[in-house]
Amino acid sequence: MLGKLIKHEFKSTAHSMFAIYLSALITFGIMCLVFFIKNKTLMVISSVALGAICAVALVITLFAIIGTFNKSLYGNQGYLSFTLPVSGRSLLASKTIVSLCWVLISFIFAISVVLFLVFYWIAQTSDNIKSIIDTVYNMLQTMQGMPDADTALKSIIVVTVFIFIKAIFLIFKVSFAITVANTKSFQKMNTILAAILVYFAVYIVLTAGNVIAAFIPVQLAIATSGIGLSIGDTLMGLSPGEKIFVSIPILGHLFEAAICILLYSVTGTIMSKHVNIK
């Protein structure tokens, strides 16, 4: 049943995203055409347009997620959604998975646009892009503190995981705020205002928890030989004297991961027992 929910959720949200990515695809095509025409003015205009489309895509993704969640559960479609033979947690899981996919797609799109624009303009100054890439890469490797390819890959993977947690964290905070705003306790208040107030209340409390976690000196240490933990002056999982490429405070991310589980459980329970379906 969860698979059917996810499939339906993708279909219901795809129309909101289709137009923006179609616009980006058309702009890509125009930029490739302009590249061969060598018109600087059109190149600048198309580059700015693509950057604007990228920014709009991120904003539309966020508002589409919020709007679809509220409409399909607590709007005109809410009654039908809650008559399905599934639990509140299953409904929440399907919407979270689809929302996360759209968030990741939008970020991949943004990164792709940045890389495309970089190479697009490099290609205007050189006929051999590969030589420029090799030169830049060699310069970065010779700079002090820059890692080899394996260490860089490990760093990228770790950062990607943390971004993944951040995305889920945001989705669950928004879902919780909208759900609480649709309970009987807030039925006399404007739903949007109630959701905003709940969100910022949760945000303040969780930010305080993150600040406290930041004062505890536990960090993820990434070195050439592997990944370990740095607790104060103690290094665990790595050889003594190992050169650390980057240290990332980890307790805040673990705190957010734990809160994600808590918010998922609490929101699912509220959806099943306490929401005021219109």
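Residue numbers (my numbering): 31 to 308. Glycine included, every Cβ here is placed at the ideal spot set by N, Cα and C.
Where do the ends of the alpha helix (DSSP H) carrying residue i lie?
i	result
V232	221 to 244
T98	70 to 104
S295	281 to 303
Ignore the nearest five residues each way along the sequence and tell me which others in residue i's own chain have a CB closer than 7 angstroms to its CB.
i	result
F285	G239, N240, A243
L236	I289
A231	none
K41	none
N93	The question names Asn, but residue 93 is Phe in the sequence shown. Correct list: empty, nothing qualifies.
From the DSSP output, in three-state form, read off residue i for me.
i	result
L254	Residue identity check: residue 254 is Thr in the sequence provided, not Leu. Coil.
S117	coil
K218	coil
E272	coil
Given that a residue counts as buried once 16 or more other Cβ atoms are within 10 Å of its Cβ, and exposed if not, what is residue i?
i	result
A288	exposed
A84	The amino acid occupying residue 84 in the given sequence is Cys; Ala does not appear at that position. It is buried - the Cβ of C84 has at least 16 other Cβ atoms within 10 Å.
Q249	buried
G33	exposed
F48	exposed
T21	Outside the displayed span of the chain (31 to 308) sits residue 21, for which this structure offers no information.
V74	exposed
T297	buried
N100	buried
L121	buried
L80	buried
For residue i, which residues from the same chain have a beta carbon less than 6 angstroms from its beta carbon, with the 5 sequence-adjacent residues on both sides left out?
i	result
A225	A207, I208, A211
F192	H283
I274	A251, A253
G262	P247
Per the DSSP calculation, residue i is bridged to which residue(s)?
i	result
L265	S260
V143	V143 is not bridged to any residue.
S124	Answer is none; S124 lacks a bridge partner.
T213	V305
S277	A251
Within a Cβ cutoff of 8 angstroms, which residues of the same chain sit near residue i, ignoring the five residues on either side of it in sequence?
i	result
I201	I95, T126, S129, L130, V133
Y233	K203
S277	Q249, L250, A251, I252, S260
Is residue i close to the ligand ADP? I mean its beta-carbon at under 7 angstroms from any heavy atom of the ligand.
i	result
L114	As presented, the structure is devoid of all ligands, the ligand ADP included, so that no description of it is given.
Any beta carbon of chain B sitting closer than 8 angstroms to that of residue i?
i	result
V210	The structure shown contains no chain B; it holds only a single protein chain.
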